[in-house]
Amino acid sequence: MKAWKAKRQALKWVYGDDGAQYGKLLSYRDDLLNTNPGSNVEIWRDKGKFKEFYVCLTPLKEAFKSGCRPLISLDGCWLKGTYGGNLLAAVAINPNDCIFPVAYVVIAVAEGDLELVPNLSWI
Numbered sequence: 001m002k003a004w005k006a007k008r009q010a011l012k013w014v015y016g017d018d019g020a021q022y023g024k025l026l027s028y029r030d031d032l033l034n035t036n037p038g039s040n041v042e043i044w045r046d047k048g049k050f051k052e053f054y055v056c057l058t059p060l061k062e063a064f065k066s067g068c069r070p071l072i073s074l075d076g077c078w079l080k081g082t083y084g085g086n087l088l089a090a091v092a093i094n095p096n097d098c099i100f101p102v103a104y105v106v107i108a109v110a111e112g113d114l115e116l117v118p119n120l121s122w123i
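Note that the sequence shown covers residues 1 to 123 in the working numbering.
So, in structure tokens, the structure goes:
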């Protein structure tokens, strides 16, 4: 039993505490807005519990408008870790035929419950 506790503590030292990282989101949002004026950065919470985190930076918006093909695709992956969730990214194709990120959102949902997400109007 002590070995499991030691392993858990070692992983916490190496990777940090997931709960503490979510606590830093407000500071991260403020930093993004200060360094990228006009960007859209939103955090949704329900009774203090994290629900969604959305980011669309102004330089990415402007580059999409000025040079990318007018088609946005959505891709996502499940987040592995203590709290799980889903990372969704809106991407386009730039003039060099490369994938270009436009926006991303982190959604706190359990695997298999994505149809319960109330609103994907950020796309």
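Beta carbons: idealized from backbone N, C-alpha and C, even for Gly.
ASN34 classed as buried or exposed, judged by whether at least 16 other C-beta atoms fall within 10 angstroms: exposed
Endpoints, the alpha helix (DSSP H) within which VAL109 is located: Here VAL109 belongs to no alpha helix (DSSP H), and DSSP marks it neither H nor E.
Sub-9 Å separation of CYS56 and SER73 beta-carbons: no
N-terminal and C-terminal residue of the beta strand (DSSP E) that GLY76 is part of: Where GLY76 is concerned, the enclosing beta strand (DSSP E) stretches over 73-78.
Nearest neighbour of LYS61, chosen from ALA6, TRP4, PHE100, GLN9 [CA to CA]: Residue nearest to LYS61 within the set ALA6, TRP4, PHE100, GLN9 is PHE100 (criterion: CA-CA distance).
Collapsed DSSP secondary structure at ASN86 in the structure displayed: Residue state, collapsed to three classes: strand.
Sequence-distant residues of its chain with Cβ nearer than 8 Å to ASP75 (five each side left out): LEU88, ALA89, VAL91
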